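All letters in the sequence shown, in the order written, are residues 20 to 326 by my numbering.
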Amino acid sequence: MVEGLYQESIVKIEEDLFSILLDCNFYGESIVTPMHNHPVFEVHFIQSGDYRVETDRVKKILKNNTCCVIKPNTYHCVYTSEDSGIKHNFRFSCTAPNPQLDRILRSSKWKDDLIIYEGVEDEIRLVRLTIAELEEKPYGYLTSVHNLLSLLLLTVIRKITDIKKPDFGNFEEKNKSSRNSALIDRYIYFNYTKNIGLPDIARYLKISERQVNRIFIQLYGLTFKKKIAQMRIVTAKNMLLQYPNISITEIAQTVGYNDPYYFNAVFKKSVGMTPAQFRKNAFGNEEKERIFPLPRHCHRITDKDRE
């Protein structure tokens, strides 16, 4: 168990290694975050109260005693209007592409990049036992936490994957595709605000630019250029709502556009209005959605961060 902002535990299920990340939300603090995405799975257990999960495609209500699993690289936020609600969540990823990762991603249970299922008594019991071990730290607690998290993750994986035996025909091609998908997800997540192009990611993956675009269309239904623009615009929209006192020029630079006039044109083409109009409409509408504070560890991207 590695401690810090996140507590990380590497668990092994059969021959597959998984990284499990815990933060204060695992303990039931339920600190809300703005719309965001990341290249890992996110799991939420609703112990009590009603919560809402929102993505850039859907809005759903999560009742108590339910679990919601969110696919990697899905823009989302989860929140409640109830002070008494209790929710636990953690994130996990595969430390390397493997058949189980492919099986999870290809599950027929995904609906709009979410899987929601009921009946999480066993999962919440495992969460409570894990929290007790981490807080009390009795002799052998790290071993106990490792075993509890392994069982917790195994329980979730079994519930979100198809029961039928997966087809591993042409395994080498599928494994190569999964590897490229994981590398692309990670690369664009950490670099989409920088001045990157097809040649950069093609060199990173050691494949042709044509192959990069084909993979992007398969993964996202968008070309590389359009996917980068989409991620920048989503981040810009969030910043326009999150930071009313920050200039549009600074927001443009933060998300990767050095020319504010070009940013203005791209934003208007995507959203249907200029950044200034979008911000004005949002703050002028009394029935607007709630605006979430950034988590304490987040900060605006600066030129120094891009170096």
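Even glycine gets a Cβ: it sits at the ideal position worked out from N, Cα and C. As the structure is a computational prediction, the values presented were derived from the model and not from experiment.
Assigned with DSSP and collapsed to three states, D35 falls in strand. In this structure, G275 and N214 form a Cβ contact; the two beta carbons are roughly 7 Å apart against a cut-off of 8 Å. Using a Cβ distance threshold of 7 Å, I143 and Q66 count as a contacting pair.
In the DSSP assignment, the residues bridged to F111 are I39 and F60.
Across the set E154, L145 and V139, the C-alpha of V139 shows the shortest separation from the C-alpha of K178. A distance below 7 Å separates the beta carbons of N108 and H63. Taking the C-beta atoms as reference points, C96 is found nearer than 7 Å to E73. In the DSSP assignment, L224 falls within the alpha helix (DSSP H) that extends over L217 to L224. Restricted to the stretch 67-147, the alpha helix (DSSP H) segments that are unbroken, complete and at least 4 residues in length are 118-124, listed in chain order. Out of P116, E228, P157 and L161, the CA that lies nearest to the CA of R205 is found in P116. With respect to the C-alpha of E34, the residue from K79, L120, S100 and I220 having the closest C-alpha is L120. Between the stretch 78-85 and the stretch 41-50, the count of C-beta pairs closer than 8 Å stays below three; the two stretches do not touch.
Per DSSP, reduced to three states, the secondary structure at I150 is helical. The DSSP-derived three-state label of V30 is strand. In the assembly as shown, A271 is a buried residue. Its beta-carbon has 16 or more other beta-carbons within 10 Å. Closest in C-alpha terms to F286, from the list M54, V253, F302 and I265, comes V253. Boundaries cannot be given for N44, as no alpha helix (DSSP H) includes it and DSSP labels it neither H nor E. Look at I65 here: in three-state DSSP terms it is strand.
Cβ atoms of L259 and P218 stay farther apart than 8 Å, at about 31 Å. Within the model, the alpha-carbon separation for E155 versus I226 is close to 50 Å. A distance below 7 Å separates the beta carbons of G104 and G68.
Taking a C-beta distance under 7 Å as the contact criterion, I203 and F111 do not qualify as a contact pair.
Under the criterion of beta carbons closer than 8 Å, V175 and V88 qualify as touching, at roughly 7 Å. DSSP places N232 in the uninterrupted alpha helix (DSSP H) bounded by E228 to Y239. Taking the C-beta atoms as reference points, Y211 is found nearer than 7 Å to I247. One alpha carbon belongs to L148, the other to D141, and they sit about 11 Å apart.
Sixteen is the threshold: since fewer than 16 other Cβ atoms of the shown chains lie within 10 Å of the Cβ of P157, the residue is exposed. DSSP links H55 through a beta bridge to H95. Counting only runs of at least 4 residues, the stretch 233-283 fully encloses the following alpha helix (DSSP H) elements, listed from N- to C-terminal order: 243-261 and 267-273. Shown here for A221: same chain residues with a beta carbon closer than 8 Å to its own, the five before and five after excluded, namely S227, E228, Q230 and V231 in chain order.
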